[in-house]
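Since the structure comes first, as structure tokens, the remarks are kept for the end.
Protein chains in written order, with my numbering: chain L, 35 to 791; chain B, 76 to 201.
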């Protein structure tokens, strides 16, 4: 069933955004629509939601889709809100909602779904064919309503969909906010009753709630799990979250830049909830989100007094209603999270919070359900939760516990957030760049690949410098093969051995549990230990030995009896390093081999020259790689000729551009893999700006190339550029680098004899 | 006689000296082709190398680093190396990056061969 079929006649009923603006949950929406199909009658779907992943709009969109399809499936959407204080009042509200939405659907009048109508008024709107059974339903309800049996009343109300006579449609009930059902007052636990009543009904339903809570509720209600399906609702993928930011910003009329968009996606870890409330705050404050500073100013405002503040303040108040206890809790949560050992015992928490066991159990349960802590009954692990929660906790601790001046806390938080922003993006860019190795190993599944792809020396002697066609045909003619194992589990080394975190980035070193021949026996189990060594040159023997030592050491400490070390380096390994790898029975591959392996295991130069509105200014965007720096250099040559630069100077400009492009390609982990170039012609000079998104390499932070750098065989680019051009300056940008180079028609100063034009 | 050693790298031997021709843009890929060809010639018994830059208009820093690697390899094999017909801009680049300290620059291929022939008669002492 295709759930995405925008049409002019599509009516928005409960959805808060138009269908086209609902992004990022297409597959989940499709899954809910499948649940509504007759084959799933009597089955339930538990939507297990990560906190702040957002579910309401998904269910509302599903409601609108089903209403508009107008088949025999009658959508019912019910949200439990904090306004309901008891299970009985919530159940009565459910009955009202059910009758109202049933009648709206049967009359095909969406407006009835939202109108403030009493049961009696609804009865008057019922179709003649439905009048009798709805009248009976309301009469029965009125009888029970004034009885003393709350449980019977709750069950009656929740069971209303069961009373729809056959041939009058099949109710499909979606309940939102079931996490609130646990905390309603009274003797009846609404969440348990919902699951019991719905689980025994013949209609299909969706129950959405916090993942840690809803599964527990299903167990408590002794549900038949054979009749329950589950769907996990996590934060959005990066690309979907970016789309969401764009859509919400447009809807809220907030101006944003790509840089700000990407920061918000990373900072809120793709959470639709935080993205929505943040952009709503931007609209309310008439703030554009262009730079990191714009974003972090608003973020800090939000933490101190906006929507984010209210969200966490409300949660904390629910978790710990008493103010004095709340302050103790904030203190304990922050100190435990900031301490070296984040795990402590239940008893320690009880003493620190001065609480009885049952009261503490309730507090810990609520914190655990919100995923602010991990509590297994005996120990409590602090330090979990989204970044916004950690920041909120920190400022509450400093304000409420340490009584620090608010202005100081605000200033520190703003400075910290700003300093964190480039690191957040850098981590993201590196993750993208490193995803290749992770993805490749995860796809190992007993494929046969040429052995030469794991043997750098042999590969180098056969194929180094060869055209790609020659390499491909050479590999096709290879006669020696390696059969890859099947990967069953893959994680970073740091996940196994925390010491590795200090030695390399998370995804640079991986542990893969594999089985040879896909045969699950001790003899076939091999642990692959793969490390991606960052080096511009062939890795030398010392570096190779250090890596082999640390990986072997790790294997020994983790009792990996059979393991295979695989080192990867951009440019491969020196002869002596490779001989060492052979002796240690380790594999060694270059980045090129890795690419060829990826192609076996699994899976156009367009330049855009635009003259800007400024006369004599040209913009050009070229993709990184494929010698595209030459396109930029040749363009510069044409422009420089107009200014009558001498051939020697033109060559210097071209070389500088080539080097700037190489720097951008090699160092930036650029997310879009593009180089942006701006050529500005002035009467006496040519100003060229080369920009790329991504991270700022350490050696480009304005540092002059010293003698050490000159000794290196790579990393000369910036030194060359400074020598070839008259002025070289890094422009401040939030994301990536922007290098401005100027060449004068006449040298400004006589200090650079080599640069005469 | 030209040696068919790769799609784009031309080379030929004069006695025990190999002449390898660089292409118009010396970058990582074309540099590696030259390196491969030089290694091949040395393995075949050449005692001297001339890399001719008559077609080369632009050299980038990665290309230079590969040339340094070739010089290393040649030194290890006890072979002499000369660069011929390098344009002025590239000579400046080589000077900036210290390449000219390790290699003889000749006006053209003929001069390079003449320079190297002087050393060819000198016995190599290991």
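Backbone N, C-alpha and C define an ideal beta-carbon position, used for all residues, glycine too.
Keep in mind that this is a model prediction, so the values were computed, not measured.
Requested in this report: State the DSSP-derived secondary structure class of residue 483/L, mapped to helix, strand or coil.
Outcome: Position 449 of the first chain, counted from the start, is the residue given in the question as residue 483/L. DSSP places residue 483/L in strand when its eight states are reduced to three.
Query raised in the report: Nearest to residue 426/L by alpha carbon, out of 350/L, 507/L, 381/L and 189/L?
Result: Here residue 426/L refers to the residue found at position 392 of the first chain. Minimum Cα distance to residue 426/L is reached at 350/L.
Query raised in the report: How would you list, in chain order, the residues of chain B whose beta-carbon sits under 8 Å from the beta-carbon of residue 667/L?
Result: Residue 667/L sits at position 633 when you count from the first residue of the first chain. Neighbourhood of residue 667/L in chain B, by CB distance below 8 Å: 133, in chain order.
Query - Closer than 8 Å to chain B by CB, residue 660/L - result: As a working note, residue 660/L is residue 626 in the first chain. Residue 660/L does not count as touching chain B.
Query - Under 8 Å between C-beta atoms of residue 135/L and residue 147/L - result: For this step, residue 135/L is matched to residue 101 along the first chain. For this step, residue 147/L is matched to residue 113 along the first chain. Residue 147/L is positioned such that its CB atom lies closer than 8 Å to that of residue 135/L.
Query raised in the report: Which residues in the same chain have their Cβ closer than 6 Å to the Cβ of residue 737/L, if we skip the five residues on either side of it in sequence?
Result: On the first chain, position 703 is the one that residue 737/L refers to. The predicted model places residue 737/L with a pLDDT of 44, which falls under 50 and marks its position as unreliable; any figure quoted below should be read in that light. Answer for residue 737/L: no residue qualifies.
**Report entry** Within chain B, partners of residue 696/L - CB distance below 8 Å
**Finding:** Residue numbering aside, residue 696/L sits at position 662 when the first chain is read from its first letter. Residues of chain B passing the Cβ test: 135, 136 and 137.
**Report entry** Candidates 694/L, 161/L, 566/L and 714/L, of which the one nearest residue 756/L by Cα
**Finding:** Position 722 of the first chain holds residue 756/L. Per the Cα distances, 694/L.
**Report entry** Where the beta strand (DSSP E) containing residue 329/L begins and where it ends
**Finding:** Taking the first chain and counting its residues from 1, one reaches residue 329/L at position 295. Run containing residue 329/L: none in the beta strand (DSSP E); it sits in the alpha helix (DSSP H), 326-339.
Query raised in the report: CA-CA distance, residue 344/L and residue 546/L?
Result: In the first chain, the residue the question calls residue 344/L occupies position 310. In the first chain, the residue the question calls residue 546/L occupies position 512. Cα to Cα, residue 344/L sits roughly 43 Å from residue 546/L.
Requested in this report: Look at the Cβ atom of residue 327/L, then the Cβ atom of residue 282/L, and state whether they are nearer than 8 Å.
Outcome: Residue mapping note: residue 327/L aligns to position 293 of the first chain, counting from 1. Residue mapping note: residue 282/L aligns to position 248 of the first chain, counting from 1. Not in contact: residue 327/L and residue 282/L (Cβ atoms no closer than 8 Å).
Requested in this report: Using alpha carbons as the reference points, say which of 322/L, 684/L and 285/L lies closest to residue 294/L.
Outcome: Residue 294/L sits at position 260 when you count from the first residue of the first chain. Among 322/L, 684/L and 285/L, the Cα nearest to that of residue 294/L belongs to 322/L.
**Report entry** Any C-beta of chain L under 8 Å from that of residue 100/B
**Finding:** Position 25 of the second chain, counted from the start, is the residue given in the question as residue 100/B. At least one chain L Cβ lies under 8 Å of residue 100/B.
Requested in this report: For chain B, find out if any of its Cβ atoms is closer than 8 Å to the Cβ of residue 4/L; answer yes or no.
Outcome: In the structure as shown, chain L begins at 35 and stops at 791. Residue 4/L is therefore absent and cannot be evaluated.
Query raised in the report: Does the beta carbon of residue 111/B sit closer than 8 Å to a beta carbon anywhere in chain L?
Result: Counting from one through the second chain, the residue named residue 111/B turns up at place 36. A Cβ of chain L is located within less than 8 Å of the beta carbon of residue 111/B.
Report task. Please name the residue in 678/L, 685/L, 691/L and 705/L whose C-alpha comes closest to that of residue 718/L. Result -> In the first chain, residue 718/L corresponds to position 684, counting from 1. Nearest in C-alpha terms to residue 718/L, of all of 678/L, 685/L, 691/L and 705/L, is 678/L.
Query raised in the report: Can you find at least 3 beta carbon pairs, one from the stretch 101-114 of chain L and one from the stretch 262-275 of chain L, that sit closer than 8 Å?
Result: Flag = no, the stretch 101-114 of chain L and the stretch 262-275 of chain L do not touch.
Report task. Return no unless some Cβ of chain B is closer than 8 Å to the Cβ of residue 688/L. Result -> Here residue 688/L is taken as the residue at index 654 of the first chain, counted from 1. Against chain B, the CB of residue 688/L has a partner CB under 8 Å away; the residue lies at that interface.
Report task. For chain L, find out if any of its Cβ atoms is closer than 8 Å to the Cβ of residue 160/B; answer yes or no. Result -> As a working note, residue 160/B is residue 85 in the second chain. Closer than 8 Å: no.
Report task. With a floor of 3 residues, list each beta strand (DSSP E) that falls wholly inside the stretch 633-710 of chain L, ordered by position along the chain. Result -> Those beta strand (DSSP E) runs which fall completely within the stretch 633-710 of chain L and span 3+ residues are 642-645 and 651-657.
Query raised in the report: Which class does residue 429/L belong to by DSSP, given the choice of helix, strand or coil?
Result: Within the first chain, numbered from 1, the residue matching residue 429/L stands at position 395. Helix at residue 429/L.
Query raised in the report: Start and end of the alpha helix (DSSP H) containing residue 146/B?
Result: Taking the second chain and counting its residues from 1, one reaches residue 146/B at position 71. Where residue 146/B is concerned, the enclosing alpha helix (DSSP H) stretches over 136-151.
Query raised in the report: Between the stretch 702-718 of chain L and the stretch 649-657 of chain L, do three or more beta carbon pairs fall short of 8 Å?
Result: Between the stretch 702-718 of chain L and the stretch 649-657 of chain L there are three or more C-beta pairs closer than 8 Å, enough to call the two in contact.
Query raised in the report: Less than 8 Å separating the beta-carbons of residue 278/L and residue 57/L?
Result: On the first chain, position 244 is the one that residue 278/L refers to. On the first chain, position 23 is the one that residue 57/L refers to. Cβ distance < 8 Å, so residue 278/L and residue 57/L count as in contact.
Query raised in the report: Taking the Cβ atom as the reference point for each residue, do residue 94/B and residue 125/B lie within a distance shorter than 8 Å?
Result: As a position in the second chain, residue 94/B is number 19, starting the count at 1. As a position in the second chain, residue 125/B is number 50, starting the count at 1. In this structure, residue 125/B lies closer than 8 Å to residue 94/B by Cβ.
**Report entry** Segment contact, 8 Å Cβ cut-off, at least three pairs: the stretch 406-420 of chain L with the stretch 357-372 of chain L
**Finding:** Touching, yes, given that three or more Cβ pairs across the two stretches are closer than 8 Å.
Query raised in the report: So which of 590/L, 598/L and 594/L has the shortest CA-CA distance to residue 564/L?
Result: As a working note, residue 564/L is residue 530 in the first chain. Comparing C-alpha distances from residue 564/L to each of 590/L, 598/L and 594/L shows the shortest one belongs to 598/L.
Report task. Return yes when the Cβ of residue 606/L is within less than 8 Å of the Cβ of residue 624/L, no when it is not. Result -> As a first step, residue 624/L is located in the first chain; it is residue number 590 there, counting from the start. As a first step, residue 606/L is located in the first chain; it is residue number 572 there, counting from the start. The answer is yes: Cβ separation under 8 Å.
Report task. Go to residue 319/L, then tell me how far its alpha helix (DSSP H) extends in each direction, as first and last residue. Result -> Locating residue 319/L in the first chain gives position 285, counting from the first residue. Premise fails: residue 319/L is in no alpha helix (DSSP H) and is neither H nor E.
Query - 7 Å CB neighbourhood of residue 778/L in its chain, flanking five on each side removed - result: In the first chain, counting from the first residue as 1, residue 778/L sits at position 744. Excluding residues within five positions, the ones whose Cβ falls inside 7 Å are 718, 719, 760 and 791.
Query raised in the report: Going straight from the alpha carbon of residue 43/L to that of residue 53/L, what length do you get?
Result: By 1-based counting over the first chain, the position of residue 43/L is 9. By 1-based counting over the first chain, the position of residue 53/L is 19. In this structure, the CA atom of residue 43/L is about 12 Å from the CA atom of residue 53/L.
Report task. Within the same chain, show all residues whose beta-carbon is closer than 8 Å to that of residue 516/L, passing over the 5 residues directly before and after it, in chain order. Result -> Start at 1 with the first residue of the first chain, and residue 516/L comes out as number 482. Hits under 8 Å: 482, 483, 484, 485, 487 and 488.
Requested in this report: Mark residue 154/B as exposed unless 16 or more other C-beta atoms lie within 10 angstroms of its C-beta, in which case mark it buried.
Outcome: Reading the second chain from its first residue, position 79 is the one you call residue 154/B. Buried is the call here.
Query - Close beta carbons around residue 160/L, own chain, < 6 Å, minus the five adjacent residues each side - result: Translated into the one-based positions of the first chain, residue 160/L becomes position 126. So the qualifying residues of the chain are 137 and 168.
Requested in this report: At 8 Å on the CB atoms, spell out the chain L contacts of residue 163/B, in chain order.
Outcome: For the purposes of this step, residue 163/B is taken as the residue at position 88 of the second chain. Using a Cβ-Cβ cut-off of 8 Å, residue 163/B is close to 682 of chain L, given in chain order.
Query raised in the report: How would you write the range of the beta strand (DSSP E) that residue 562/L sits in, first residue to last?
Result: For this step, residue 562/L is matched to residue 528 along the first chain. Membership of residue 562/L in the beta strand (DSSP E) is indicated by the continuous run 559-567.
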